[in-house]
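> Here it is, the structure in full.
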Amino acid sequence: DPLGHSDLRELYDSLVPGGFRGRCTAPLLVDLRSKKIVSNESGDIVRMIGTAEFGDEGKDRTELRPPELGREIDETNDWVYRLLNDGVYRCGFSTTQGAYDLASADVREGLDRCESVL
């Protein structure tokens, strides 16, 4: 951490006046000059970094999100989040067998979709 914090909660607390309330998640993009949170959503961060200007103008740049793949990337991010990220979260916090079964079915569907893509 370039701001010198020992953990993510400490970093979030330092960036929000009065302390951060909520879940501290990674990744986290921080504007070091203003010391403000820019985003903690990976898809947004990749889009921002992909359009940012770094280094010398004349050098070749890597396109992190090619425009011709933008729609496919967004669609993939949507189902990965819904079926896998959120599904695993819902499994872990299920309070009934029925809720767990629904969430784990989503996770299995997400894993099957990943397998078909890979």
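Counting with the working numbering, you get residues 1280 to 1397 for the letters of the sequence shown.
Glycine residues also receive a C-beta, built at the ideal position from the N, C-alpha and C atoms.
This one's a predicted model, so the numbers in the text were calculated from it and none came from an experiment.
#1: Please classify residue 1366: is it buried, with 16 or more other beta-carbons within 10 angstroms of its beta-carbon, or exposed?
#2: Who are the Cβ neighbours of residue 1280 in its own chain at under 8 Å, not counting the five residues just before and after it?
#3: Compare the Cα-Cα distances from residue 1301 to each of 1288, 1312, 1390, 1326 and report the closest residue.
#4: Which two residues bound the contiguous alpha helix (DSSP H) that contains residue 1310?
#5: For residue 1293, which residues in the same chain have their Cβ closer than 8 Å to its Cβ, ignoring the five residues on either side in sequence?
#6: Using beta-carbon positions only, say whether residue 1369 and residue 1378 come within less than 9 Å of one another.
#7: For residue 1385, collect the residues of the same chain with a Cβ closer than 6 Å to its Cβ; drop the 5 residues on either side in sequence, then sort them by chain order.
Per the coordinate set shown:
#1: buried
#2: 1290
#3: 1288
#4: Not the alpha helix (DSSP H): residue 1310 falls in the beta strand (DSSP E), residues 1308-1310.
#5: 1282, 1284, 1314
#6: yes
#7: 1362, 1366
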